[in-house]
Structures are given as C-alpha cells and as structure tokens.
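A.B. asks: I have a structure I would like to understand better, so I am pasting it below and will then ask my questions one at a time.
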Amino acid sequence: KQWYQRRVRGVALFSPFPHEMVVEQKKDKATNPMRDIKIQKLCLNICVGESGDRLTRAAKVLEHLTGQHPVFSKARLTIRSFSVRRNEKIAVHCTVRGPKAEEILEKGLKVKEYELPKSCFSNMGNFGFGLTEHIDLG
Numbered sequence: 377k378q379w380y381q382r383r384v385r386g387v388a389l390f391s392p393f394p395h396e397m398v399v400e401q402k403k404d405k406a407t408n409p410m411r412d413i414k415i416q417k418l419c420l421n422i423c424v425g426e427s428g429d430r431l432t433r434a435a436k437v438l439e440h441l442t443g444q445h446p447v448f449s450k451a452r453l454t455i456r457s458f459s460v461r462r463n464e465k466i467a468v469h470c471t472v473r474g475p476k477a478e479e480i481l482e483k484g485l486k487v488k489e490y491e492l493p494k495s496c497f498s499n500m501g502n503f504g505f506g507l508t509e510h511i512d513l514g
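Just so you know, the sequence shown maps onto residues 377 to 514 in this note's numbering.
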C-alpha cells in the first residue's frame with residue numbers, strides 16, 4: 377500500500393487512503409506534566425531592624441517553625457534615622473525545600489484563607505506574602 381501524507385497545523389499525518397485522513401486529538405491540558413505546580417524552595421524571612429533580644433527570639437521562632445538553623449542578615453548601610461549601623465545583624469532568614477516547604481506553605485496559605493491579591497505574583501511564576509503573627513501558623 378502507498379501511504380499519503382498531509383500536514384495539519386505543522387503535524388504530519390499519514391494514512392493509506394487520501395480521503396480518510398485522521399486528525400490527532402489534542403491532549404487535555406490537565407494531563408500535561410509541565411503544567412503541574414512544583415515548589416522549588418520556600419524562603420522565610422523575619423526582619424527585626426535591630427540586633428539583640430528581639431533578633432534572637434525571631435531566630436528561635438524560625439528554628440522552631442522549620443527545624444533548621446537560620447542565618448543572620450546584616451545591614452548594608454548605616455541609617456541614622458532608624459538607628460541602624462552598617463554590618464549590624466538586623467534579620468534572620470531560612471530556606472526550606474521538599475515536603476517540609478509544602479507543609480509550611482500550606483499553613484501560611486490557610487492563614488491567608490487561600491486568597492492572595494494579583495500584586496503578590498510575579499511574571500516569572502514566583503509569589504510572596506507576609507504574615508503579621510507567626511502564632512497563626514499553629
């Protein structure tokens with residue numbers, strides 16, 4: 377038998393009969409694995425604005441929340457109006473990956489009632505939001 381070829385939207389289709397060309401069915405978008413949402417990492421940050429007791433308490437909160445040792449961030453510039461000196465520790469942050477990140481993110485979205493404004497999302501697929509009280513996470 378001779379096979380006949382016809383191009384439909386850039387896809388080559390083959391059939392033994394020229395009048396019975398079969399058109400491929402488009403796959404459902406929901407079954408495409410590239411459309412699945414994946415969490416690469418979760419960055420948690422607490423900025424206190426001063427070193428001392430408040431910063432160590434914030435570090436303990438992050439350590440309790442994530443089970444990891446947090447990293448201290450230093451001020452880049454001296455700002456006299458905020459009484460912050462250069463290289464003074466003013467914040468703590470921690471990066472979480474894997475199932476622990478999904479668990480913490482689920483708790484955070486539950487506090488926000490699973491609704492975030494459009495301004496929280498970037499064009500590259502990232503998003504961020506803030507919480508006023510860590511106690512809400514439970």
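We put the CB at the ideal spot given by N, CA and C, even for glycine.
In whole angstroms, what separates the C-alpha of residue 441 from that of residue 494?
C.D. replies: Taking the first residue of the sequence shown as 1, we reach residue 441 at position 65. Taking the first residue of the sequence shown as 1, we reach residue 494 at position 118. Using only the alpha carbons, I get a separation of about 27 Å.
A.B. asks: How many Å lie between residue 481 and residue 453 at the Cα?
C.D. replies: Working through the sequence shown from its first residue, we reach residue 481 at position 105. Working through the sequence shown from its first residue, we reach residue 453 at position 77. Straight-line Cα distance between these residues: approximately 32 Å.
A.B. asks: Which residue's Cα is closest to the Cα of residue 478: 405, 410 and 419?
C.D. replies: If you number the sequence shown from 1, residue 478 lands on position 102. Residue 478 has its Cα closest to that of 419, out of 405, 410 and 419.
A.B. asks: For residue 458, name the three-state secondary structure that DSSP assigns.
C.D. replies: As a first step, residue 458 is located in the sequence shown; it is residue number 82 there, counting from the start. If DSSP states are grouped into helix, strand and coil, residue 458 belongs with the helices.
A.B. asks: With three or more C-beta pairs closer than 8 Å as the rule, is the region 408 to 424 touching the region 464 to 477?
C.D. replies: The answer is yes - the region 408 to 424 touches the region 464 to 477, with three or more Cβ pairs under 8 Å.
A.B. asks: Excluding the 5 residues flanking residue 461 on each side, which residues of the same chain have their C-beta closer than 6 Å to its C-beta?
C.D. replies: What you label residue 461 is simply residue 85 of the sequence shown in a count that begins at 1. Same-chain partners within the cutoff: 454.
A.B. asks: Put residue 422 into one of helix, strand or coil per three-state DSSP.
C.D. replies: By 1-based counting over the sequence shown, the position of residue 422 is 46. Three-state DSSP puts residue 422 in a strand.
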